[in-house]
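Beneath this line is the structure, given in structure tokens, with notes to follow.
Number of protein chains: 2
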Amino acid sequence: MAAGREVFIEYGFQKATISEIIKKAHTGYGTAYVHFKNKDDILIELMEDVMNRFYEIAELPFEPKSRQEAYRLIEKQVGLFLEMANKERPMMRVIEEAIRLSDDVRKNWQAIRERFIQRIAQDVAYSQKSGLARTDVDNYLIARGWFYANEMYLWEIVRNEHRFSIKDIVHNLTAMYTGGLYI
Amino acid sequence: MAAGREVFIEYGFQKATISEIIKKAHTGYGTAYVHFKNKDDILIELMEDVMNRFYEIAELPFEPKSRQEAYRLIEKQVGLFLEMANKERPMMRVIEEAIRLSDDVRKNWQAIRERFIQRIAQDVAYSQKSGLARTDVDNYLIARGWFYANEMYLWEIVRNEHRFSIKDIVHNLTAMYTGGLYI
Numbered sequence: 001m002a003a004g005r006e007v008f009i010e011y012g013f014q015k016a017t018i019s020e021i022i023k024k025a026h027t028g029y030g031t032a033y034v035h036f037k038n039k040d041d042i043l044i045e046l047m048e049d050v051m052n053r054f055y056e057i058a059e060l061p062f063e064p065k066s067r068q069e070a071y072r073l074i075e076k077q078v079g080l081f082l083e084m085a086n087k088e089r090p091m092m093r094v095i096e097e098a099i100r101l102s103d104d105v106r107k108n109w110q111a112i113r114e115r116f117i118q119r120i121a122q123d124v125a126y127s128q129k130s131g132l133a134r135t136d137v138d139n140y141l142i143a144r145g146w147f148y149a150n151e152m153y154l155w156e157i158v159r160n161e162h163r164f165s166i167k168d169i170v171h172n173l174t175a176m177y178t179g180g181l182y183i
Numbered sequence: 001m002a003a004g005r006e007v008f009i010e011y012g013f014q015k016a017t018i019s020e021i022i023k024k025a026h027t028g029y030g031t032a033y034v035h036f037k038n039k040d041d042i043l044i045e046l047m048e049d050v051m052n053r054f055y056e057i058a059e060l061p062f063e064p065k066s067r068q069e070a071y072r073l074i075e076k077q078v079g080l081f082l083e084m085a086n087k088e089r090p091m092m093r094v095i096e097e098a099i100r101l102s103d104d105v106r107k108n109w110q111a112i113r114e115r116f117i118q119r120i121a122q123d124v125a126y127s128q129k130s131g132l133a134r135t136d137v138d139n140y141l142i143a144r145g146w147f148y149a150n151e152m153y154l155w156e157i158v159r160n161e162h163r164f165s166i167k168d169i170v171h172n173l174t175a176m177y178t179g180g181l182y183i
């Protein structure tokens, strides 16, 4: 896995080869192919690794008692999420490329995305049940739209194309979301 | 262009060849290569065509006099935008594939996206100046987040992966956005 990470970061997804990874890992072809059928497989496992760090953020306790507390918790979560994207840029760039080029990686990414959306939908439902959030919207659809805005800013940061500070992105995303959802 | 459209829709971006397009257009190689250096070029021109129909929606007059009118105008715009995605599905599927696989097409898509975001940012600024929208957020960052949520739902619809009706998507997107932005 460490060898895979190094090779992917050095060459990018398209140019990385399983031979190079095997060479760097000082292992044999047989051993490698017992575990992975191709480089897509290795990338998917590395992606799970990175995404677990993001899940930890998404799964932080969320039981706000007020609109203000909801704002603070969400702002913190979004901040950690986008800072993590920034920290993990080298590997996230490879992941972005792999999502574009590999059908398997893309399917895997979609499953990861659904896991995030499910978790957000739970948080929205919690706030709706506790009377903090409006109930004329669908928690699942709101969670999707919200995750999408976050995800697209994540890719901007990964590509280093963001023209605003992460702090400003976090403030604006959070202000709109809590303003739109919380009563 | 008509031949290009047909061939791309039939074969997809990756499998389409410029020879097939030339054959279908009953023209010569020389003539074709005067206008286009490769199939990416043809796709980019076809993409501009389709996107002009989306621009028309984005550029509908937007001068709301109240929060309620803003809601109605935005709901109408989002509805038209996502219905257009649905109507243009065959070509939009090709465009999605091309954005993934061609650097030139992807760059072009990013320019198209910026044009949408600029237009939305103008609309947000208008509402802020007229006292309808909160001024503690940045019109440009808001426009980006908002476009991203719309764009991602657009791709869901294009891939026919949306599990909710377009009407429900429109309602939830619009409710969150106007709730978050308008005073």
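Listed in order, the protein sequences are those of chains A and B. So in the UniProt record's numbering, spot 175 of the first sequence is number 175, and the numbers just go up one at a time. So in the UniProt record's numbering, spot 118 of the second sequence is number 118, and the numbers just go up one at a time. Don't be surprised by glycine CBs; every beta carbon is placed ideally from N, CA and C. Owing to the predicted nature of the structure, the values given are computational and were not obtained by experimental measurement.
In terms of residue numbering, what span does the alpha helix (DSSP H) encompassing residue i cover?
i: H35 of chain B; result: 29 to 35
i: D103 of chain A; result: 103 to 129
i: F54 of chain B; result: 39 to 58
i: S165 of chain B; result: Premise fails: S165 of chain B is in no alpha helix (DSSP H) and is neither H nor E.
i: Y11 of chain B; result: 2 to 15
i: K65 of chain A; result: Per DSSP, K65 of chain A belongs to no alpha helix (DSSP H) and is neither H nor E.
i: A143 of chain B; result: 139 to 158
i: I183 of chain A; result: Element bounds for I183 of chain A: n/a, residue is neither H nor E.
i: E20 of chain A; result: 18 to 24
Checking contacts by CB at 8 Å: is residue i closer than that to chain B?
i: Q172 of chain A; result: Sequence inspection shows Asn at residue 172 of chain A; the Gln mentioned does not correspond to that position. Interface residue, yes.
i: G145 of chain A; result: yes
i: R67 of chain A; result: no
i: V158 of chain A; result: no
i: M152 of chain A; result: yes
i: I169 of chain A; result: yes
i: F164 of chain A; result: yes
i: R5 of chain A; result: no
i: A125 of chain A; result: no
i: A2 of chain A; result: no
i: A175 of chain A; result: yes
i: R100 of chain A; result: yes
Please report whether the beta-carbon of residue i lies at a distance below 8 Å from any beta-carbon of chain A.
i: residue 196 of chain B; result: Past the boundaries of the shown model lies residue 196 of chain B; chain B is included only from 1 to 183, so the question cannot be answered.
i: G79 of chain B; result: no
i: Y148 of chain B; result: yes
i: I44 of chain B; result: no
i: D103 of chain B; result: no
i: V34 of chain B; result: no
i: L141 of chain B; result: yes
i: V137 of chain B; result: yes
i: A133 of chain B; result: no
i: M91 of chain B; result: no
i: R115 of chain B; result: no
i: R119 of chain B; result: no
Under a Cβ-count criterion, where at least 16 other Cβ atoms within 10 Å of its own Cβ denotes burial, should residue i be classed as buried or exposed?
i: Y177 of chain A; result: buried
i: residue 227 of chain B; result: With chain B covering 1 to 183 only, the question about residue 227 of chain B has no answer from this structure.
i: G145 of chain A; result: buried
i: T27 of chain B; result: exposed
i: L60 of chain B; result: exposed
i: M47 of chain A; result: buried
i: H171 of chain A; result: buried
i: K174 of chain A; result: A small correction: the amino acid at residue 174 of chain A is Thr; Lys does not occupy that position in the sequence shown. Result: buried.
i: P64 of chain B; result: buried
i: R5 of chain A; result: buried
i: D103 of chain A; result: exposed
i: V7 of chain B; result: buried
Could you tell me how far apart the beta carbons of residue i and residue j are, in whole angstroms, since I believe they sit closer than 8 Å?
i: I169 of chain B; j: Y153 of chain B; result: 5 Å
i: A32 of chain A; j: I18 of chain A; result: 7 Å
Under 7 Å from any heavy atom of the ligand NAP, does the C-beta of residue i make it?
i: Y55 of chain B; result: Among the components modelled here there is no ligand, and therefore nothing to report on the ligand NAP.
Please confirm whether residue i has its beta-carbon closer than 8 Å to some beta-carbon of chain D.
i: D40 of chain A; result: Chain labels in this structure do not include chain D; the protein chains are A and B.
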